[in-house]
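Notes follow once the structure below has been shown.
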Amino acid sequence: MPINTSSRAIFFILLTLFSCALCAPLSAVMKRDVWVPTITSPTSASTWVVGKKFYVTWDTSSKPDQVTNPNGKVYLRQGDATESSPIASGFALEDGQVEVTVPDDITPGDYMVVLFGDSGNWSEEFPIDAAT
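Letter by letter, the sequence shown follows residues -23 to -1, 1 to 109 in mature numbering (1 follows the signal peptide of the UniProt record, and there is no 0).
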């Protein structure tokens, strides 16, 4: 006996609903806290210099009990583009700070730092000046 189009549609709808029902409990078990700490330095009043060392700092007071990814990376971002290589990586987000060196190949201009770990967030825009 051939199966008509409406029977196929009903079958696939039921199969989809059954699949969703099986997956629903997994989302409750895999609940994760996302932490987006506020970057406290650099600020718009900061000025960095190519080749020099500076600290990136962030507020750790809102850290959840369980952080999905506790390891951080810091990138520089200019305009709509984030640099492809981090200026710091492998540090613990709960430390609240990391020392970075402004790469020698960075073109002076206005930048932000991007802190990645549990989630990505950006600092205020600040200038990076050429080495003197």
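Each residue gets a CB set at the ideal place from its N, CA and C atoms; glycine is no exception.
| request: Identify whether residue 72 lies in helix, strand or coil by the three-state DSSP scheme. | output: Looking up residue 72 in the sequence shown gives position 95. The answer is helix: DSSP assigns residue 72 an H, G or I state.
| Cα separation between residue 56 and residue 30? | On the sequence shown, residue 56 is found 79 positions in, with the first residue counted as 1. On the sequence shown, residue 30 is found 53 positions in, with the first residue counted as 1. Cα-Cα distance, rounded: 22 Å.
| Within the chosen definition, does the stretch 55 to 73 reach the stretch 26 to 42 through at least 3 CB pairs nearer than 8 Å? | yes
| request: Tell me where the beta strand (DSSP E) around residue 90 begins and ends. | output: Position 113 of the sequence shown, counted from the first residue, corresponds to residue 90. That run of the beta strand (DSSP E) goes 86 to 93.
| field | Proximity below 9 Å, CB of residue 15 to CB of residue 98 | value | Within the sequence shown, numbered from 1, the residue matching residue 15 stands at position 38. Within the sequence shown, numbered from 1, the residue matching residue 98 stands at position 121. Yes, these two residues count as a Cβ contact at 9 Å.
| message | Just to confirm, is the Cβ distance from residue 93 to residue 50 under 9 Å? | response | For this step, residue 93 is matched to residue 116 along the sequence shown. For this step, residue 50 is matched to residue 73 along the sequence shown. Contact: yes.
| message | Using only the alpha-carbon positions, how far apart do residue 82 and residue 101 sit? | response | Translated into the one-based positions of the sequence shown, residue 82 becomes position 105. Translated into the one-based positions of the sequence shown, residue 101 becomes position 124. Straight-line Cα distance between these residues: approximately 22 Å.
| field | Beta-carbon contacts of residue 66 that lie in its chain and below 6 Å, excluding the five residues immediately before and after | value | The sequence position of residue 66 within the sequence shown is 89, counting from 1. Answer for residue 66: 50, listed in chain order.
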